Amino acid sequence: MPASSESALFRTVLPPDAPEALRHLVAAAEEVGAERVVAEAAALGERLAEGRFFVACVGQFKRGKSTVINALIGDSILPTGIVPVTSVVTVVRHGAGRSARVRLAGRAWQEIDPETLAAYVAEERNPQNRKGVEGVEVFVPSHLLATRMCLVDTPGVGSVFAASTRTTREFVPHIDAGLVVLGADPPLSGDELALVEVVAEQTDRLIFVLNKADRLSAGERSEARAFAERILRDRLRRPIERIFEVSATEALAGRPTQDWKALEAELDGLARESGTDLVRSAGERGIARLVERLLTVIDEHLDALRRPLDESKRRLVALRQAVLDAERALADLAPLFAAEEQRLARALTDERETFVARTVPGAARQLEEALAAADGLAKRELRHRAMEEARRIAHRLVEEWLGEVEPRAEKLYRRATGRFVELASEFLARLRGSGELVFSRLPASVPPETRFRAKRQFYFTDLPVVASSNPATWLLGLLSPRRIARAAAHRHAGEYLERLLTSNSARVSNDLIDRVAESRRRLEAGLTSLLREVAASAEHALAQARERHAAGTQAVRAELDRLRALRDRTQALTP
Numbered sequence: 048m049p050a051s052s053e054s055a056l057f058r059t060v061l062p063p064d065a066p067e068a069l070r071h072l073v074a075a076a077e078e079v080g081a082e083r084v085v086a087e088a089a090a091l092g093e094r095l096a097e098g099r100f101f102v103a104c105v106g107q108f109k110r111g112k113s114t115v116i117n118a119l120i121g122d123s124i125l126p127t128g129i130v131p132v133t134s135v136v137t138v139v140r141h142g143a144g145r146s147a148r149v150r151l152a153g154r155a156w157q158e159i160d161p162e163t164l165a166a167y168v169a170e171e172r173n174p175q176n177r178k179g180v181e182g183v184e185v186f187v188p189s190h191l192l193a194t195r196m197c198l199v200d201t202p203g204v205g206s207v208f209a210a211s212t213r214t215t216r217e218f219v220p221h222i223d224a225g226l227v228v229l230g231a232d233p234p235l236s237g238d239e240l241a242l243v244e245v246v247a248e249q250t251d252r253l254i255f256v257l258n259k260a261d262r263l264s265a266g267e268r269s270e271a272r273a274f275a276e277r278i279l280r281d282r283l284r285r286p287i288e289r290i291f292e293v294s295a296t297e298a299l300a301g302r303p304t305q306d307w308k309a310l311e312a313e314l315d316g317l318a319r320e321s322g323t324d325l326v327r328s329a330g331e332r333g334i335a336r337l338v339e340r341l342l343t344v345i346d347e348h349l350d351a352l353r354r355p356l357d358e359s360k361r362r363l364v365a366l367r368q369a370v371l372d373a374e375r376a377l378a379d380l381a382p383l384f385a386a387e388e389q390r391l392a393r394a395l396t397d398e399r400e401t402f403v404a405r406t407v408p409g410a411a412r413q414l415e416e417a418l419a420a421a422d423g424l425a426k427r428e429l430r431h432r433a434m435e436e437a438r439r440i441a442h443r444l445v446e447e448w449l450g451e452v453e454p455r456a457e458k459l460y461r462r463a464t465g466r467f468v469e470l471a472s473e474f475l476a477r478l479r480g481s482g483e484l485v486f487s488r489l490p491a492s493v494p495p496e497t498r499f500r501a502k503r504q505f506y507f508t509d510l511p512v513v514a515s516s517n518p519a520t521w522l523l524g525l526l527s528p529r530r531i532a533r534a535a536a537h538r539h540a541g542e543y544l545e546r547l548l549t550s551n552s553a554r555v556s557n558d559l560i561d562r563v564a565e566s567r568r569r570l571e572a573g574l575t576s577l578l579r580e581v582a583a584s585a586e587h588a589l590a591q592a593r594e595r596h597a598a599g600t601q602a603v604r605a606e607l608d609r610l611r612a613l614r615d616r617t618q619a620l621t622p
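In terms of this note's numbering, the sequence shown opens at residue 48 and continues consecutively.
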């Protein structure tokens, strides 16, 4: 089969000193038209030729991963913010000056102004990666990166954007060492721990960092560190030598404190002592991964050729029909889902009203008790303390209620998706049992939904406009007798407290309702996309088989012999 123009392009850019196994892999992939394998092999070859290894910064969203990288390279080049920012994997490399480039789907690399990075990598500017960004590389003249280390900024796991978590997990096979950024609130989330376990299966070179240490007391840092060490040690089944306590913000401002210098020394030592080994291991893993993918492609072509063409056509028609049946069945279930969602919405509305009615009186008493100890404060300070206490009490109570109501909402979601999961599993079992090779990649069943697919989007809001007072009220408070000023401060704080509880509990309820709808949509879309992908793969293999059958029996035999020999050669490339 002649290589496409794109494949020929990749063949010419493979570095001259690329590993021999990689050269044979590219040649085999070009023979069978596996252009994505060729593209990834070319990227791997370039990486190995340059001796680059990837230290990926991973962790939950809002841990400050981008800020940590900025501080390590001494340049605030990566976008940061108070909301989940990074949506695309970004590789930071050494360069003579500041520059950046981006590769969009189906296009070559193009240079961009580093100041415009947010347009490509920030969730707000490129939601769900709608621009189709496949790669972003940033170049800076950093001493640390001159060792050929590449720091990789990954989207945070566990954010409201499920695609971000998926993007990070898809990059895991390319990770040579992990820089795991932890926090104190919570010290280690479930999503975060699951990711660390996956990364630990990939590499034993893990460096743990407790960021934002400047915001914590010594006791809080000690407690968070001890908790993380214990959980990580138990789950990874190996000792955790050290968790570096750092403040990337302070380091970026030129005030490195706590363990920042020790962290820099640790990374520098990793590059000097293990860089060569990491690159070699990356090559072996990458080739093994690409060999497995290529073997799957070759097997699909062999299977399509071995069967009579009419049978392959019937199977493809059946496959297309299965996809249509799945989509139709999902559409039929839509009214049932809608009814379940309405039932859940009513239940959450009732729960919220009960929460507000039950909580407001007790919260008011807590506020009075807290303010009783502040009577000695000046009038201005008393008003500020009253508002701050109201905010603190409301925040705690709403978060506690969220912790109670979320599991119940997820239980209702599991019940609502039960029928869908059952139906989808039947489809998968029927397809896998057909004997069609292409179906072997399908999962045996759809596991029951255990939690929402859409992550929490709720953030407690302080309602600052309500909390603040206008100049007239402020002046009146200063001139009023202390008794009147105290009563006014208590009254305003009480009203603020009730507004906070009412508003934020409504936002919790609405967020849970939205998460049910979005989780259901993603569940449906995931299965449909999987079936369509398998159908497209089978259709491609059939098109190639049709060409050979049209050329005659001898051509089919020759193609089978070629593919078998190609498979044997590919199999022998496994490191």
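In this text, a Cβ means the ideal position worked out from N, Cα and C, and glycines have one as well. As the structure is a prediction and not an experimental result, all values here were calculated from the model.
Who are residue i's beta bridge partners in DSSP?
| i | result |
| --- | --- |
| I26 | Nothing about residue 26 can be reported from this structure: the residues present for the chain run from 48 to 622 only. |
| H141 | V187 |
| F100 | M196 |
| A224 | V102 |
| L229 | L257 |
| V180 | L151 |
Enumerate in chain order the residues of its own chain whose CB-to-CB distance from residue i is below 7 Å, with the five nearest sequence positions on each side excluded.
| i | result |
| --- | --- |
| V445 | F507, L548, N551, S552 and V555 |
| W521 | Unreliable placement is indicated for W521, whose pLDDT of 46 sits below 50; the coordinate value is still reported in the next sentence. Nothing meets the Cβ criterion. |
| A193 | H141 |
| A76 | V84, V85, A88 and L341 |
| A14 | For residue 14 there is no data in the structure shown, the boundaries of the chain being 48 and 622. |
Within a Cβ cutoff of 6 Å, which residues of the same chain sit near residue i, ignoring the five residues on either side of it in sequence?
| i | result |
| --- | --- |
| D306 | F291, E292 and V293 |
| R99 | R195 and C197 |
| V326 | G98 and F100 |
| A298 | A118 and W307 |
| A295 | G111, T114, V115, A118 and N258 |
| R268 | A260 and E292 |
By a C-beta neighbour count over all protein chains shown, 10 Å radius and 16 as the cutoff for buried, is residue i buried or exposed?
| i | result |
| --- | --- |
| L371 | exposed |
| K259 | buried |
| Q368 | exposed |
| W156 | exposed |
| H190 | exposed |
| T621 | exposed |
| V364 | exposed |
| A535 | buried |
| A540 | buried |
| P408 | exposed |
| R405 | exposed |
| R319 | exposed |
| R4 | The structure shown has nothing for residue 4, since the chain only spans 48 to 622. |
| A329 | buried |
| R530 | exposed |
| A441 | buried |
So, for residue i: in the same chain, excluding its five sequence neighbours on each side, which residues have a beta-carbon less than 8 Å away from its beta-carbon?
| i | result |
| --- | --- |
| D160 | A147 |
| I129 | Bear in mind that the predicted position of I129 carries a pLDDT of just 42, short of 50, making it unreliable; the figure below should be weighed with that in mind. Excluding positions up to five away in sequence, the list reads K109. |
| E415 | H537 |
Is it the case that the Cβ atoms of residue i and residue j are separated by a distance below 8 Å?
| i | j | result |
| --- | --- | --- |
| S566 | F499 | yes |
| I222 | R614 | no |
| L257 | G225 | no |
| E358 | A588 | no |
| A88 | L337 | yes |
| T201 | C104 | yes |
| E244 | R282 | yes |
| E171 | V138 | no |
| L95 | P63 | no |
| V228 | G316 | no |
| D324 | R438 | no |
| L459 | L349 | no |
| A417 | H537 | no |
| V199 | V136 | yes |
| G121 | R150 | no |
Considering just the uninterrupted stretch of the alpha helix (DSSP H) at residue i, what are its terminal residues?
| i | result |
| --- | --- |
| V73 | E67 to V79 |
| A118 | K112 to I120 |
| V168 | A165 to V168 |
| F274 | A265 to L283 |
| T296 | A295 to L299 |
| A612 | T600 to Q618 |
What residue range does the beta strand (DSSP E) around residue i cover?
| i | result |
| --- | --- |
| I254 | L253 to L257 |
| I334 | That residue, I334, is in no beta strand (DSSP E); its alpha helix (DSSP H) goes W307 to R353. |
| E292 | I290 to E292 |
With respect to 7 Å, is the separation between the Cβ of residue i and the closest non-hydrogen atom of the ligand MG below this value?
| i | result |
| --- | --- |
| A335 | Questions concerning the ligand MG fall outside what the structure shown contains, since it holds no ligand whatsoever. |
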